[in-house]
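J.: Next up is a structure, given as structure tokens.
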Amino acid sequence: MPTLGLIVGTARTPSNTHGLVSHIRSVVARSHPSLTLDVIDLLHSPGHPLPLTLSGPIPAAHARADVPAAYPDAGVRAWSARVLGWDAVLFVTAQYNWSLPAVLKNALDQLYVEWAALPAGLITLGGRGGSKAQEAGREILTACHMDIAEKRAGVVLPREYIHGLERVGGNEDWLAAYDADVRETEHDEF
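Numbering (our numbering), first residue to last: 5 to 194.
Okay, here's the thing in structure tokens:
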């Protein structure tokens, strides 16, 4: 059974990203019932957040056969092993100051060979669909040599979800308008 890593790239609690991920999980489950979803919350999953410092040689210096053992940090070794177990990855992230949240960038930077040739999708959210995070993210995923889905999926958040206290719960009717984008993004992977 194939495994899709689903990375929740946010540093806010509560966040709109968590609600969107809840919705995406239901869309993926309907379109690929035999798929195993491995959801990683970069703030709350075991071993996360990862350390902000990189120790030892740069991740790109490691041969694929040498990881995860090549990493001096136990948390990074566990992160490497987890990513190596995926057949594809889907990143879901909000736009922060026209880019990606630091916690997501750090999770990407801790590894290198694990990302190479891994099929990847990127779903962003923000006031304009997170278009700047989409651009920045695609550049980073390209630098990591991932096989990036062509579909650009961006969820436009209503203003009250950005500036108010209300957060996406995952069951809002307006999210259904993005289901085809989600299926197309993850369909490229499976």
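Built from N, CA and C at the ideal position, the CB exists for glycine as well.
Once DSSP output is grouped into helix, strand and coil, what is the label at residue 158?
T.: Residue mapping note: residue 158 aligns to position 154 of the sequence shown, counting from 1. DSSP places residue 158 in strand when its eight states are reduced to three.
J.: Report yes if the CB atom of residue 76 is closer than 8 Å to the CB atom of residue 59, and no otherwise.
T.: In the sequence shown, counting from the first residue as 1, residue 76 sits at position 72. In the sequence shown, counting from the first residue as 1, residue 59 sits at position 55. Yes; because the gap between Cβ atoms is below 8 Å, this pair is in contact.
J.: Select from 141, 64 and 85 the residue whose C-alpha is nearest the C-alpha of residue 102.
T.: Position 98 of the sequence shown, counted from the start, is the residue given in the question as residue 102. Closest option to residue 102, Cα to Cα, is 141.
J.: Please classify residue 111 as buried or exposed, where buried requires at least 16 neighbouring CB atoms within 10 angstroms.
T.: As a position in the sequence shown, residue 111 is number 107, starting the count at 1. Result: buried.
J.: Please list the segments of the alpha helix (DSSP H) lying wholly inside the segment 67-94, counting only runs of 4 or more residues, in order along the chain.
T.: 78-88
J.: DSSP on residue 117, reduced to helix/strand/coil?
T.: Stepping through the sequence shown from its first residue, residue 117 is reached at position 113. Three-state result, residue 117: coil.
J.: May I ask you to report which of helix, strand or coil DSSP gives residue 103?
T.: As a first step, residue 103 must be located in the sequence shown, where it is residue number 99. In this structure, residue 103 counts as strand in the three-state DSSP scheme.
J.: Rounded to a whole number of angstroms, what is the C-alpha to C-alpha distance between residue 188 and residue 132?
T.: Taking the first residue of the sequence shown as 1, we reach residue 188 at position 184. Taking the first residue of the sequence shown as 1, we reach residue 132 at position 128. In this model, residue 188 and residue 132 are separated by some 20 Å (Cα to Cα).
J.: With DSSP as the reference, identify every bridge partner of residue 130, one or two as the case may be.
T.: Against the sequence shown, residue 130 aligns to sequence position 126. Its beta-bridge partners are 160.
J.: Report all residues from its chain with a CB closer than 6 Å to the CB of residue 119; omit the five preceding and five following residues, and keep chain order.
T.: Locating residue 119 in the sequence shown gives position 115, where the first residue counts as 1. The residues 148 and 150, in chain order, have a CB closer than 6 Å to that of residue 119 in the same chain once the five nearest residues on each side in sequence are set aside.
J.: For residue 9 versus residue 42, is the C-beta distance shorter than 8 Å?
T.: To locate residue 9, count along the sequence shown from 1; it is residue 5. To locate residue 42, count along the sequence shown from 1; it is residue 38. Yes, they are a contact pair.
J.: When the Cβ atoms of the segment 77-85 are set against those of the segment 18-33, are three or more pairs found closer than 8 Å?
T.: no
J.: Since residue 98 contacts residue 125 with CB under 8 Å, what's their CB separation in whole angstroms?
T.: As a first step, residue 98 must be located in the sequence shown, where it is residue number 94. As a first step, residue 125 must be located in the sequence shown, where it is residue number 121. Not a contact, Cβ separation roughly 16 Å.
J.: Could you tell me the distance, in whole angstroms, from the CA atom of residue 66 to the CA atom of residue 74?
T.: The residue labelled residue 66 in the question sits at position 62 within the sequence shown. The residue labelled residue 74 in the question sits at position 70 within the sequence shown. Those two C-alpha atoms are separated by around 7 Å.
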